[in-house]
Every structure is written in C-alpha cells, then in structure tokens.
Amino acid sequence: MRKKEHIKIALQTKTTKTSLDNYKIDYNSIPLFNIDNVDTSTTICGYKWQYPFFINAITAGGDECNEINKKLEEICNECNIEFFPGSYSPALKNEQDKKAYPKNKSVNLGLDKDPKLILKAIKDTDAKYLQMHTNPLQEMIMPEGDRNFDKWFNNLEEVTKKSTVPIILKETGFGMNEKTLQTAINLKIQAVDISGKDGTNFAQIENTRNENPSPYLEEIGISTADSLEIAKKYREKIDIIASGGIRNPLDVIKCLALGAKAVGVSKIFLEILINDGKEALICEIEKWKTEIKYLMILMHAKNIDELYGKITKYN
Ligand SMILES: Cc1cc2nc3c(=O)[nH]c(=O)nc-3n(C[C@H](O)[C@H](O)[C@H](O)COP(=O)(O)O)c2cc1C
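Numbering (our numbering), first residue to last: 34 to 348.
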C-alpha cells in the first residue's frame, strides 16, 4: 500500500531544473572517430556493464509493484542494462513477495535491518550485489517510520564484515557528504550511490502522506552535482554511482564527467513505463544508448574514463 502511494506521489512531481544544469560539457567542433569506436562499458564492484546507466531501486512487494518489477527486469534484459530492484523489506514478511523478488540481481535493504536478515536475503535472492539504502529523514517524516537509529551504523559495519557479495551504500535522494563517503571507504564498502537531491524527494512524498507536514524539511540534502564534486577526489578508492534527478543522456554524461562510473535512473523511467508501457520504455532506453555515444564523440571520449573532467561549471 505504502509503495503504491510512493509511486503515485512521486509521479505527480516533475523534475525540471537540476544542479546539473549549471554545467556544460566540453563540446568539440571537429569529431575524431566513429560511433563504432565508442566503448560505453564500465566496471562496478568488479562486474563489467555494457552501458553506464541502469534502472535504480524503485519497488517490490504487493501484486502491482511485483508486476512493475517483472516488466522492468524484462526491459533491462532486452536492453542489456542493469536492473536494481527496490526494497526487499516486504519480502521479509510475505512469502509471495519473497518468491516474486527478482533473483540474481541486487537485493535492496535499509540500514535499519538486522544483519542476519540481510545476509539471509542475499542468499535467498542469489544476489550479485547488496544495495544498502539509507533514508533517515524519510523515516522521521513518515508517520509509521523508524524512530531509533542507534543500530544503523553497527548493522552496516557487521554486514560489511560478513557479506558474501559487494555492497553499494545507497542514498535515496538526499545526497552524500564527505563524512559519509569517508565512512564507506573506511568500512571497505565497494561502491556508493550518492543519490542527490535533485529529483524524487522523499521528504516531500512523506509530507504529502503526513496529516501534519513540515515542508521546510524538504530543503535538506545535497544536490547530485555537489555530491559528485565532493566524491570525485575519492574515485580511485571507491566506485561512485550517481543518481537523483537524471532526465536524459546529457545528465548521464555530465555525471560521468564529474567522476561517476555509472548513473541510476528511477522516476523518469518509471513514468514512461506507467504512462506509455513497456515498448515505449525499451525505445527510450535504446535512444539513450545511442545518444550517449553521440555525446562521447562530441567530447572526444572513446571510453568512460576519457569523459572525466571534460565539463565546466558556469554560475
Ligand atoms: C516510487 C519510488 C520508490 C523508491 N523506492 C526505493 C527503494 O525501495 N529503495 C531504494 O533504495 N530507493 C528507492 N527509491 C529511490 C531511488 O532509487 C532514487 O535513489 C531516487 O528516487 C532518486 O532518483 P530519481 O530522481 O531518478 O527518482 C525509490 C524511488 C521512487 C521514485
């Protein structure tokens, strides 16, 4: 029920201007190579991905949401991009949801969860990655949210020691500061998804569900571009994934030029699936794949590494 409400409210807001609009890519008038010479592959947590963008955690649990996940998984298989399912939390309580949760992908759980349940979830879903999401502000605004946070760090620490798969520490649209990044590095976590404050805003979503909302809390967080600016000096130490307000291939390229190795998309792709259907989303993803290559030609970048730094901030 809550997941369905999240989807409905998330799709009511449009992502218009974002922090990435303050940046311009390095545009070259004289191209140097062909589209077939462009290599869009990237490596995350030791796994090679053919394309540097993916469908990021959205949903799981309940018939409608499981159906959405099934379609997203089919779309990603067809387009050869990675798919990260949403929270496994409903599957911890419901056998049907456990069965329906995508297997051999990533499993997504919050820092509030007992490490034993997390380790079991990795096994039960035959997961390749563990996405551990963190969403303290959402929990605080959510009427039924968590109010106890003293175990969150210990849960993360224990899981990092015992996990059998690489871990991605994932924000949920509020961005990451330097201290969080340093904590992830100290814990030897393989990747962070900085998920910045530019697109889906869970403070706003929960305020909409709350009878006594606090709209000022929607201001909190660090934009996608600012989070990447903070993270870029750590790019040799940890894989940086960007998400939050990604609208088009140019946003993907800008994040890669700012140091991300891959870029996650949630709301924009969900919107296309819900409003226009599976084929429309496949067409859109195929278009992104091609246009990312066009942009790389304009930037004289034959591969993802060569994109780094080819971007300028304008005020
Ligand atoms: C409807 C909806 C549900 C989401 N559920 C989850 C979730 O279960 N787990 C998670 O880690 N992130 C979840 N997210 C957050 C996204 O993965 C992403 O971090 C955030 O939405 C920013 O990306 P966007 O602006 O492209 O939507 C959800 C996002 C949306 C829109």
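Quick reminder that beta carbons are idealized off the backbone N, C-alpha and C, glycines included.
Small disclaimer: the values here were computed from a predicted structure and weren't measured.
Relative to the C-alpha of residue i, which residue among the options is closest?
i           : options            : result
residue 142 : 288, 230, 167      : 167
residue 67  : 276, 274, 329, 74  : 329
residue 187 : 119, 225, 156, 220 : 220
residue 89  : 303, 249, 281      : 303
residue 233 : 63, 171, 335       : 171
residue 91  : 282, 217, 346, 39  : 39
residue 73  : 269, 346, 334, 110 : 334
Between residue i and ligand 1, is the CB less than 7 Å from at least one heavy atom?
i           : result
residue 43  : yes
residue 202 : no
residue 333 : no
residue 206 : yes
residue 164 : yes
residue 276 : yes
residue 298 : yes
residue 120 : yes
residue 77  : no
residue 70  : no
residue 139 : no
residue 260 : no
residue 305 : no
residue 90  : yes
residue 40  : yes
Which first and last residues belong to the alpha helix (DSSP H) in which residue i is found?
i           : result
residue 352 : In the structure as shown, the chain begins at 34 and stops at 348. Residue 352 is therefore absent and cannot be evaluated.
residue 325 : 311-331
residue 236 : 235-242
Pull up the CB-CB distance for residue i and residue j, whole angstroms please, since I reckon it's below 8 Å.
i           : j           : result
residue 301 : residue 279 : 7 Å
residue 230 : residue 255 : 6 Å
residue 55  : residue 258 : 7 Å
residue 243 : residue 199 : Rounded, the Cβ-Cβ distance is 36 Å, inconsistent with contact.
residue 263 : residue 214 : 7 Å
residue 86  : residue 285 : 5 Å
Identify the continuous beta strand (DSSP E) that holds residue i and give its terminal residues.
i           : result
residue 165 : 162-166
residue 345 : 344-346
residue 62  : No beta strand (DSSP E) contains residue 62, which DSSP labels as neither H nor E.
residue 81  : 80-82
residue 77  : 75-77
residue 88  : 86-88
residue 284 : Counting along the chain, residue 284 falls outside any beta strand (DSSP E), though it belongs to the alpha helix (DSSP H) covering 282-290.
Looking at chain B, is there any beta carbon in it that lies within less than 8 Å of the beta carbon of residue i?
i           : result
residue 160 : Checking the listed chains, one finds no chain B in this structure; it contains a single protein chain.
Does the Cβ of residue i lie closer than 7 Å to at least one heavy atom of ligand 2?
i           : result
residue 110 : With respect to small molecules bound, the structure shown includes ligand 1 and not ligand 2.
Inside the segment 113-156 only - alpha helix (DSSP H) runs reaching at least 4 residues: Taking only runs of at least 4 residues, the alpha helix (DSSP H) segments lying wholly in the segment 113-156 are 122-126, 128-133.
Curious, which full-length beta strand (DSSP E) runs of at least 3 residues does the segment 172-210 contain? Positions of the beta strand (DSSP E) runs, each at least 3 residues long and wholly inside the segment 172-210, are given as 200-203 in order along the chain.
Which full runs of the alpha helix (DSSP H) of 4+ residues lie inside the segment 248-279, going along the chain? As far as the segment 248-279 is concerned, its whole alpha helix (DSSP H) runs of at least 4 residues are 257-264.
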